[in-house]
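Quick note on our numbering: the sequence shown kicks off at 138 and runs consecutively.
Where is the CB? At the ideal position from N, CA and C, for every residue including glycine.
This report concerns only the one structure given below.
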Amino acid sequence: MNQNKKTTISRRHFISTSILGLSAISMGCTSHEKRQFIIRFDTESRQREEMKGFFEKIVSIQRSQNIPISYFCLGAAIDKRESEFLEFAQETKDDPLFDFQCHSYSHIGLGYENGKSVEVLKADFEKAFAVHERIFGSRPIGVSICGTGGKDGPSLCGFDATDKSRAELDMLAKLGVKMINTNLCEADSKTEFINYSKIGHPEIMGFPNGSPSDNGWLRGRKYGNPKEFITKQIEENAKQNKHMAIMFHDDTGWIDVNDKELDHLKLVTEVARKSGYELATHFACYQNKDLWKL
Ligand SMILES: [Zn+2]
């Protein structure tokens, strides 16, 4: 009798442990099984005439192929192409495939060794946010870091590198920023989602930087045939089970390589889906707290 009871208990114990084990595994799967693929368009061209038709084309491709994209818009570009941006904003309002975020007002640099003062940076982002609010009807909560081509010195390894760079992140947090590139010295900025609890901002998500950028593989043809290169790059990241982020620029494909059908965007999304990635906007990733509240 005792023996039976013991067996029953241990079997029950075994079953409950197994269920716990299974649920722990499946919780892991829910948050990490599907690797995220985020497309970031730094939307910054100030060439109004040359950019005409871009928004109409990309809206139709996104909708017909169900492609989520985050647009990190430069305040100065919005001012220059105001009526086009306004039309774009109205057309895509409340459509979750379109996520509008910020790329500063004047392409100013964050996280650089000799960057502008925190006051100057703050004024630039306040100006950019005001422009966004006017056009899109809401304040952005995301920022993508601008490349400044060496004029601010080298990029620091992260916002945790110096007192000034920490102050830059504090300033952005006060402006309401909730997501920015993954930029901590010990994190892999290309493939990791993080949070900034290490430097006092658990509420801010870090997202993988768009790497590679179309300025290198597409316009610069730095790695040979662009289509072959990007296909291989996506397939390799997928094999290694890594998140992936791609950085496009509005003018690189449209103007510089005259890709008026946005074939490179279509190719990238097809290969990503075939490789098992889930396509998401940055804002959707922010809402998926399991992804970055690690
Ligand atoms: Zn840029």
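Near ligand 1: residue i beta-carbon under 7 Å from a heavy atom
| i | result |
| --- | --- |
| CYS210 | no |
| CYS422 | no |
| ASP179 | yes |
| CYS239 | no |
| CYS322 | no |
| GLY279 | no |
| HIS338 | no |
| HIS244 | yes |
| GLY284 | yes |
Rounded C-alpha distance that separates residue i from residue j
| i | j | result |
| --- | --- | --- |
| SER275 | PRO291 | 33 Å |
| GLY165 | ASN425 | In this prediction, GLY165 has a pLDDT of 33, which is less than 50 and means its spatial position is unreliable; what the coordinates show is noted afterwards. Whole-angstrom Cα-Cα distance: 13 Å. |
| THR229 | MET188 | 18 Å |
| SER201 | PHE237 | 20 Å |
| PHE366 | GLU219 | 35 Å |
| ILE371 | PRO349 | 10 Å |
| ILE245 | LYS364 | 31 Å |
| ILE383 | LYS259 | 27 Å |
| LYS430 | LEU321 | 15 Å |
| LEU312 | GLY295 | 20 Å |
| SER147 | GLU329 | No answer about SER147 holds up, because its pLDDT of 39 lies below 50 and its placement is not dependable. |
| LEU402 | VAL255 | 36 Å |
| ILE175 | MET381 | 6 Å |
| GLN199 | LEU234 | 7 Å |
| THR180 | ASP388 | 8 Å |
| ILE215 | PHE209 | 11 Å |
| LEU247 | MET342 | 16 Å |
| ILE317 | THR406 | 23 Å |
| GLY286 | GLU340 | 30 Å |
Among the options, the one whose alpha carbon lies nearest that of residue i
| i | options | result |
| --- | --- | --- |
| HIS386 | LYS359, ASP351, GLU221, PRO339 | ASP351 |
| LYS335 | SER412, GLU323, THR328 | GLU323 |
| GLU415 | ILE195, VAL257, SER197, ILE206 | ILE206 |
| ASP289 | ASN318, GLY252, ASP325 | GLY252 |
| ASN346 | LYS327, GLU340, ASN362, ARG356 | LYS327 |
| GLU224 | LEU211, PHE178, PHE273 | PHE273 |
Segment limits, alpha helix (DSSP H) that includes residue i
| i | result |
| --- | --- |
| PRO363 | 363-376 |
| GLN173 | It is not in any alpha helix (DSSP H) - GLN173 instead sits in the beta strand (DSSP E) that spans 173-180. |
| ASP300 | 300-311 |
| GLU250 | Taken as a continuous stretch (DSSP letters only), GLU250 belongs to no alpha helix (DSSP H), as it is neither H nor E. |
| CYS283 | Looking at the DSSP string, CYS283 is not in any alpha helix (DSSP H), and its letter there is neither H nor E. |
| CYS422 | 419-424 |
| HIS401 | 400-411 |
| GLU224 | 219-229 |
Bounding residues of the beta strand (DSSP E) (the contiguous stretch that carries residue i)
| i | result |
| --- | --- |
| SER275 | That residue, SER275, is in no beta strand (DSSP E); it is neither H nor E in DSSP. |
| PHE344 | 338-344 |
Are the stretch 238-248 and the stretch 262-269 touching, with three or more C-beta to C-beta distances below 8 Å? yes
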